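To keep things clear, I will list the structure first and then write my remarks on it.
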Amino acid sequence: LSIKVGDIVRTEDNKYLKIKDISSGYDNNHNPITYYSYDAYFDKDLKLFSHSFKGRFKSFRSIKK
Numbered sequence: 248l249s250i251k252v253g254d255i256v257r258t259e260d261n262k263y264l265k266i267k268d269i270s271s272g273y274d275n276n277h278n279p280i281t282y283y284s285y286d287a288y289f290d291k292d293l294k295l296f297s298h299s300f301k302g303r304f305k306s307f308r309s310i311k312k
């Protein structure tokens with residue numbers, strides 16, 4: 248799954264994330280990981296703002312482009 252800046256993705260808990268930035272790093276075992284900065288919303292129309300955050304994800308349920 249290829250995620251790009253500007254993409255909107257839905258998480259397993261049914262929030263919608265608008266990706267603002269993507270960066271790389273390493274975990275404690277020196278494994279590469281990808282961090283996503285995003286704004287989270289409660290609705291797919293991105294009108295009900297939830298929060299902003301930077302984190303990593305194991306899976307996305309679907310992509311809305």
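Residues in the sequence shown are numbered consecutively from 248, following this note's numbering. We put the beta carbon where it would ideally sit given N, CA and C, even for glycine. Note that the coordinates shown come from a computational prediction; the quantities given were computed from them, not determined experimentally.
Exercise for review: Assign S270 to one of three DSSP states: helix, strand, or coil.
Suggested key: In the structure shown, S270 sits in a strand (DSSP, three-state: E or B).
**Study point:** Extent of the continuous beta strand (DSSP E) to which T281 belongs
**Key:** 279–288 is the span of the beta strand (DSSP E), which, as asked, contains T281.
Check your understanding: What's the gap between the Cα of K291 and the Cα of N261?
Key -> Those two C-alpha atoms are separated by around 9 angstroms.
Exercise for review: Compute the Euclidean distance between the alpha carbons of Y285 and G272, then round it to the nearest angstrom.
Suggested key: Cα-Cα distance, rounded: 17 angstroms.
Review point. Quick one, which of K265, G253, K251 has its alpha-carbon nearest K222's?
Key: The question about residue 222 has no answer here: the residues shown for the chain are numbered 248 through 312.
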